[in-house]
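To start, the structure itself, in structure tokens.
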Amino acid sequence: MLLAASPDGAFLAAAHDLLRSSPVTVRHPLGFLCVPMHRGPRFGLCLHVWSDDLVFDAPTTSPVHAHSWGLTSYVLTGTLRNDLIDVVPDDTAPTHRVFTIRPGSAGDRLRRTSRLVRQTTVASEHFGAGQFYGLAAGRFHATAALGATATLVMADNHRENQELSLGDVAAPSHDVIRHPGGHDELCIAAKVLGLDR
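Taken in order, the sequence shown gives residues 159 to 355; the numbers are from our numbering.
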């Protein structure tokens with residue numbers, strides 16, 4: 159869902175300041191670098207960066223997932239494609255199994271459920287630099303960057319919802335480690351944002 163565009167550069171300046179501070183970074187299993195800016199019981203704010211120069215392990219589930227939190231994202235640079243996915247029960251010819259995602263000591267604990275489903279892409283949205291977009295908590299989607307891209311993401315937590323992902327029907331429960339980033343990842347993020355470190 160497209161929200162109103164913003165003309166100012168305050169968000170980009172905040173991202174530049176963040177990277178100059180040599181922050182902690184995390185290589186997210188969905189293929190982007192996450193740089194936490196604020197974590198609270200109700201709201202969170204993170205910088206997300208995609209680049210072909212960032213290397214990730216192969217994902218253990220599909221890219222289709224649903225957050226337990228409402229998302230508002232501002233595209234700092236680049237372009238994102240966001241596919242909206244409908245998921246319906248299907249015990250006869252399922253395409254996927256629903257997995258719950260819970261935080262663990264070093265990453266995520268993915269637990270298979272009995273829910274067998276069929277997924278269908280119902281819309282594909284594109285968002286470029288200077289645009290906001292939003293997603294409701296619980297909305298299945300898959301996000302892909304079209305080249306080097308960076309966004310600021312605000313999370314509005316809803317404790318009644320679960321983090322969910324679609325995986326292979328036969329896949330077992332498993333854990334996924336979230337590896338920390340380092341100097342090289344920060345340099346790549348700075349390059350995406352046009353900042354020399």
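Where a beta carbon is used, it is the ideal one built from N, C-alpha and C, also for glycine.
The model shown is predicted, which means the values in this text are computed figures rather than measured ones.
- Let me know the secondary structure DSSP gives V350 once reduced to three states. Reading the sequence shown from its first residue, position 192 is the one you call residue 350. Under the three-state reduction of DSSP output, V350 falls in the helix class.
- Option nearest T309 by Cα separation, candidates R178, P187, C192, H316: Sequence index remark: in the sequence shown, residue 309 carries index 151 (1-based). Of the residues R178, P187, C192, H316, the one whose Cα lies closest to the Cα of T309 is C192.
- Query: Buried or exposed: where does R178 fall if 16 or more other Cβ atoms within 10 Å of its Cβ makes it buried?
  - Reply: The residue labelled residue 178 in the question sits at position 20 within the sequence shown. By the neighbour-count rule (16 or more Cβ atoms within 10 Å), R178 is not buried but exposed.
- Message: Whole angstroms are fine: how far does the CA of H223 sit from the CA of P247?
- Response: Stepping through the sequence shown from its first residue, residue 247 is reached at position 89. Stepping through the sequence shown from its first residue, residue 223 is reached at position 65. Put simply, the backbone Cα of P247 is about 16 Å away from that of H223.
- Item | Per-residue DSSP class, three states only, for P165 | In the sequence shown, the residue the question calls residue 165 occupies position 7. Bear in mind that the predicted position of P165 carries a pLDDT of just 45, short of 50, making it unreliable; the figure below should be weighed with that in mind. The answer is coil: DSSP assigns P165 none of H, G, I, E or B.
- Query: What's the call for L304, buried or exposed, on a 16-neighbour Cβ count within 10 Å?
  - Reply: Walking along the sequence shown from the start, residue 304 turns up at place 146. With fewer than 16 other CB atoms across the displayed protein chains lying within 10 angstroms of its CB, L304 is exposed.
- Task: Kindly indicate which three-state DSSP category E343 falls into: helix, strand or coil?
- Result: Numbered from its first residue, the sequence shown carries residue 343 at position 185. E343: helix per DSSP, three-state reduction.
- Message: Tell me which residues share the same chain as I346 and place their Cβ nearer than 8 Å to its Cβ, disregarding the 5 neighbours each side in the sequence.
- Response: Within the sequence shown, numbered from 1, the residue matching residue 346 stands at position 188. Scanning its chain for C-beta atoms nearer than 8 Å, with the 5 sequence neighbours on each side dropped, one finds around I346 the residues L191, V207, S209, D211, L212, in chain order.
- Task: Please look up how many angstroms separate the CB atoms of T307 and L238, rounded, as I've assumed it's under 8 Å.
- Result: Within the sequence shown, numbered from 1, the residue matching residue 307 stands at position 149. Within the sequence shown, numbered from 1, the residue matching residue 238 stands at position 80. Your pair T307 and L238 checks out as a contact, with CB atoms roughly 6 Å apart and the cut at 8 Å.
- Message: Based on DSSP bridge pairs, tell me the residues matched to F285.
- Response: What you label residue 285 is simply residue 127 of the sequence shown in a count that begins at 1. According to DSSP, F285 bridges with L238.
- Query: Taking C-beta to C-beta, are S180 and F257 nearer than 8 Å?
  - Reply: Here residue 180 refers to the residue found at position 22 when the sequence shown is read from its first residue. Here residue 257 refers to the residue found at position 99 when the sequence shown is read from its first residue. S180 places its beta carbon 8 Å or farther from that of F257.
- For H316, the nearest candidate out of A281, H174, V182, F201 (CA to CA): Position 158 of the sequence shown holds residue 316. Among A281, H174, V182, F201, the Cα nearest to that of H316 is on F201.
- Item | CB contact flag (V233, G286, <8 Å) | Here residue 233 is taken as the residue at index 75 of the sequence shown, counted from 1. Here residue 286 is taken as the residue at index 128 of the sequence shown, counted from 1. For V233 and G286, yes; Cβs fall inside 8 Å.
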